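Heads up: the structure comes next, in structure tokens.
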Ligand code: WAQ
Ligand code: MG
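Residue numbers (the working numbering): 3 to 256.
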């Protein structure tokens, strides 16, 4: 699902369901699309058969949450974790700069993600307005029940956390990706995360100020191991179903 106002992306969501559940899922997605601060003028729901494609089964990344008192502290924590993933100081600073200032050429948020060279900070996505969208991922019914329980046990009840964890799990397993930085473009949602196979999903409570309608995602790649076509194909086309859930825990203040 993708909701927009003219050229401005508002929200999107991805599901993988059995044929029996298509109608109900489409309804859920429309409800979801209209639940934003700004009402969309355009909502698109696209339905593709997965057909004979092999569905990859994954376990969701472990989550740890860190409470940051403000944006400055939150970004310092995010930078530290990205450093552990092997992202250079230069690329970290450039990524934070782009997400803060609106990475699309229109000055707004992109529909998809920036693909950034983790060493040189060069942007590698061909369309800098659209970026690359990760698609075709979802929770199995059992994993959905399990993750909702585990997240609510540590006080996380917003659907955004669950959706972002699913996306980050698919992305962390992508060929060539060493880490991801994300915060929401929604003005009232200040939380974000750094995710990688190495660190798991590190949720940071504050990565931007309230009332800022800019956010986005940066997928950092190791260029020496990068096959761009294989990466984009995996992100956009290869179906991933999360059938097991990792650990979820709270950490002390940073
Ligand atoms: N693939 C790639 N990039 C995407 C996708 C996608 N499927 N969906 C969104 N983006 C990019 C796009 O640039 C958006 O502007 C940006 O990410 C933010 O999207 O644990 O809500 O849907 O509670 O606003 C973080 C969760 C919330 C923290 C992230 O993102 C938590 C969120 P949003
Ligand atoms: Mg959003």
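Beta carbons: idealized from backbone N, C-alpha and C, even for Gly.
Because the structure is a prediction, the values reported are computed rather than measured.
Exercise. Which residue's Cα is closest to the Cα of residue 180: 165, 252, 197 and 98?
Worked result: In the chain shown, the residue the question calls residue 180 occupies position 178. Checking every option, the nearest Cα to that of residue 180 belongs to 197.
For this session: Return yes when the C-beta of residue 140 is under 7 Å from any heavy atom of the ligand WAQ, and no when it is not.
Result: For the purposes of this step, residue 140 is taken as residue 138 along the chain shown, with counting starting at 1. Checking the Cβ of residue 140 against the ligand WAQ gives no.
For this session: Check each residue's C-beta against every heavy atom of the ligand MG and list, in chain order, those closer than 6 Å.
Result: 13, 186, 187 and 188
For this session: For the beta strand (DSSP E) holding residue 226, just list the boundary residues, first then last.
Result: One-based indexing of the chain shown puts residue 226 at position 224. Element bounds for residue 226: n/a, residue is neither H nor E.
For this session: Consider the C-beta atom of residue 163 and the heavy atoms of the ligand WAQ; say whether any pair is separated by less than 7 Å.
Result: Position 161 of the chain shown holds residue 163. Residue 163: yes, Cβ under 7 Å from the ligand WAQ.
For this session: Measure the alpha-carbon distance for residue 204 versus residue 55 and round it to whole angstroms.
Result: Within the chain shown, the letter at position 202 stands for residue 204. Within the chain shown, the letter at position 53 stands for residue 55. Going by the C-alpha atoms only, they are around 31 Å apart.
For this session: Please report the Cβ distance between residue 243 and residue 65, rounded to the nearest whole angstrom; I am assuming they are in contact, meaning their Cβ atoms lie under 8 Å.
Result: Reading the chain shown from its first residue, position 241 is the one you call residue 243. Reading the chain shown from its first residue, position 63 is the one you call residue 65. With 8 Å as the limit, residue 243 and residue 65 do not qualify as a contact, their Cβ atoms being about 19 Å apart.
Problem set entry | Cβ-heavy atom distance, residue 169 to the ligand WAQ, below 7 Å | Taking the chain shown and counting its residues from 1, the one referred to as residue 169 is at position 167. Answer for residue 169: yes, Cβ within range of the ligand WAQ.
Exercise. Would residue 187 be called buried (16 or more neighbouring beta carbons within 10 Å of its own) or exposed?
Worked result: The count along the chain shown starts at 1 and reaches residue 187 at position 185. So residue 187 ends up on the buried side.
Exercise. Any chance the CB of residue 148 is under 7 Å from a heavy atom of the ligand WAQ?
Worked result: Your numbering for residue 148 matches position 146 in the chain shown. No.
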